[in-house]
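Peer 1: Chains A and B are the protein sequences, given in the same order. Throughout the first sequence, residue numbering follows this note's numbering, covering 1 to 172 in sequence. Throughout the second sequence, residue numbering follows this note's numbering, covering 1 to 172 in sequence. The C-beta atom is built at its ideal place from N, Cα and C for all residues, glycine as well.
There are 2 protein chains.
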Amino acid sequence: MAIEQTLLGLLATKPRHGYELTKEFMPETTLGDIVHLESGMLYAHLKKLQKEGWVESTLEPQESRPPRRIFSITSSGQAELHRWLGEPVGKTRDIRLDFLLKLYTARQHKPALAEKLVNEQRDVCERFIVSLREQMEEEDDEFRRLVIEMRLAQNAALLSWLRRAAGRLTPG
Amino acid sequence: MAIEQTLLGLLATKPRHGYELTKEFMPETTLGDIVHLESGMLYAHLKKLQKEGWVESTLEPQESRPPRRIFSITSSGQAELHRWLGEPVGKTRDIRLDFLLKLYTARQHKPALAEKLVNEQRDVCERFIVSLREQMEEEDDEFRRLVIEMRLAQNAALLSWLRRAAGRLTPG
DNA sequence: AGGGCCATGTAAAGTGTTACATGATTCT
DNA sequence: AGAATCATGTAACACTTTACATGGCCCT
Numbered sequence: 001m002a003i004e005q006t007l008l009g010l011l012a013t014k015p016r017h018g019y020e021l022t023k024e025f026m027p028e029t030t031l032g033d034i035v036h037l038e039s040g041m042l043y044a045h046l047k048k049l050q051k052e053g054w055v056e057s058t059l060e061p062q063e064s065r066p067p068r069r070i071f072s073i074t075s076s077g078q079a080e081l082h083r084w085l086g087e088p089v090g091k092t093r094d095i096r097l098d099f100l101l102k103l104y105t106a107r108q109h110k111p112a113l114a115e116k117l118v119n120e121q122r123d124v125c126e127r128f129i130v131s132l133r134e135q136m137e138e139e140d141d142e143f144r145r146l147v148i149e150m151r152l153a154q155n156a157a158l159l160s161w162l163r164r165a166a167g168r169l170t171p172g
Numbered sequence: 001m002a003i004e005q006t007l008l009g010l011l012a013t014k015p016r017h018g019y020e021l022t023k024e025f026m027p028e029t030t031l032g033d034i035v036h037l038e039s040g041m042l043y044a045h046l047k048k049l050q051k052e053g054w055v056e057s058t059l060e061p062q063e064s065r066p067p068r069r070i071f072s073i074t075s076s077g078q079a080e081l082h083r084w085l086g087e088p089v090g091k092t093r094d095i096r097l098d099f100l101l102k103l104y105t106a107r108q109h110k111p112a113l114a115e116k117l118v119n120e121q122r123d124v125c126e127r128f129i130v131s132l133r134e135q136m137e138e139e140d141d142e143f144r145r146l147v148i149e150m151r152l153a154q155n156a157a158l159l160s161w162l163r164r165a166a167g168r169l170t171p172g
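1) In the DSSP assignment, find the unbroken alpha helix (DSSP H) run with B:V130 in it and report its ends.
2) How would you label B:L162, buried or exposed, when you count the other beta carbons within 10 angstroms and need 16 or more for buried?
3) Cβ of A:D98 less than 8 Å from any chain B Cβ?
4) Helix, strand or coil for B:E60 per DSSP?
5) Can you find the residues in the same chain that come closer than 6 Å, C-beta to C-beta, to A:P88, ignoring five residues on each side of it along the sequence?
6) Find the residues of chain B that neighbour A:S160, judging by a C-beta separation of less than 8 Å, and give them in chain order.
7) For A:Q62, count neighbouring Cβ atoms within 10 angstroms of its own Cβ and tell me buried if that reaches 16, exposed if not.
8) So for A:V89, helix, strand or coil by DSSP?
9) Could you check which residue in B:G32, B:R65, B:E126 has the C-alpha nearest to that of B:L159?
10) From what residue to what residue does the beta strand (DSSP E) around B:R168 run?
11) To which residues of the same chain is B:L169 closer than 6 Å at the C-beta, ignoring the five residues directly before and after it?
12) What span of residues does the alpha helix (DSSP H) with A:I34 cover, start to end?
13) Tell me which residues share the same chain as B:I95 and place their Cβ nearer than 7 Å to its Cβ, disregarding the 5 neighbours each side in the sequence.
14) For B:T44, which residues from the same chain have a beta carbon less than 6 Å from its beta carbon, with the 5 sequence-adjacent residues on both sides left out?
15) Would a check of beta-carbon distances place A:L146 closer than 8 Å to chain B?
16) Where do the N-terminal and C-terminal ends of the alpha helix (DSSP H) with A:I3 fall, by residue?
17) Using DSSP bridges, identify the partner residues of B:R151.
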């Protein structure tokens, strides 16, 4: 699940508690406009990250407030984060969520990684277009041609977007 | 779930048993290339359709074969099918699966309905593009502009596909 | 004898969605 | 006084995916 690696990416910058992380996913924020995340689910994800050994947590007591549970990334979590950031997504439908989350995370962390990611995704997209064109040549049925045409149209649009995006990934 | 209405659409032509329906979703078939459906899930869907009152079933004994359970659509199932076929999908990401299944089903049943569906989906798409352009004008952040540009690119591609598809929906 | 077809399902595990539960504090 | 913020979670339900379970027939 891409949301979990995105959380790892946020924790890689500095340790935080759950409530602080919910703010990154509120409406009108960059992440919040890409993916909707209820606070209940956030805590569930953090629990799972801990179970995987990718984060660890300590309780921080406060005066006149409930204690905070501060999460920090482990070295195994760092490894997982870099594995995730290093590979493009396989399926076109994952571009909308997974790829954008990868790109956001990579860009915050290391813009060069974001650019590498865009280039690799562009290669995946190009290869898929080639295979769609081959399918198209062998296809006679009109409805099946329409389906392939739709995929071609979507992937061509994504490809030209990826090309335009490549040079525009240096944060603020 | 769109698969269930697609099953209703198949049963609207004539009653069938589960195993017969699995063949419609095998690899290399039109439906099978749009959505992957394990036979286990198919039986689960049929059970759910019956629970909803959209289909009913009778057992048909056979000599030297396990009995077949024949499913047929009810009038309430017909109503549900037409409701589903009558409305375009709301979200762009649902075009790949839900909309294609609607289109396939509508086209088998009544090509004029398929054409109406394409036209309504085109309107939805056009309105969404207008709203994306408005968002784009108010946006300064470079990454958020990239996200909006991606959505614009995808929806523009879909729109032109929908326009091309409109006249090509009469089955073989 | 072995593989594939006919024909039905269940079971387990994971994922996601929605809503609720708690309770003090600070702002208007 | 009431609303929003701080801060944590649980519980119930729905849905998906994957694998397994059963067992005879037909063809080579």
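Peer 2: Reading off the structure:
1) For B:V130, the enclosing alpha helix (DSSP H) covers residues 111-138.
2) B:L162 is buried by the Cβ-count criterion.
3) Judged by the 8 Å Cβ criterion, A:D98 is not in contact with chain B.
4) Of the three classes helix, strand and coil, the one that applies to B:E60 here is strand, per DSSP.
5) Excluding sequence neighbours, A:P88 sits near E120, Q121, V124.
6) Listed by position along chain B, the residues whose Cβ is nearer than 8 Å to that of A:S160 are A153.
7) Using a 10 angstroms sphere on the CB of A:Q62, the tally of other CB atoms stays under 16, which defines it as exposed.
8) Coil at A:V89, not helix or strand.
9) With distances taken between Cα atoms, B:L159 lies closest to B:E126.
10) Here B:R168 belongs to no beta strand (DSSP E), and DSSP marks it neither H nor E.
11) If we look at B:L169 and ignore the five residues flanking it on each side, its Cβ neighbours are R107, P111, A114, E115.
12) Counting along the chain, the alpha helix (DSSP H) containing A:I34 begins and ends at 30-34.
13) Annotation for B:I95: V89, L158 place their beta carbon closer than 7 Å to its own, counting only its chain and skipping 5 residues before and after.
14) First, the amino acid is wrong: residue 44 of chain B is Ala here, not Thr. So the list is empty, once near-sequence residues are dropped.
15) Chain B contact via Cβ: present.
16) Residues 2-13.
17) Paired residue(s): none; B:R151 is not in a bridge.
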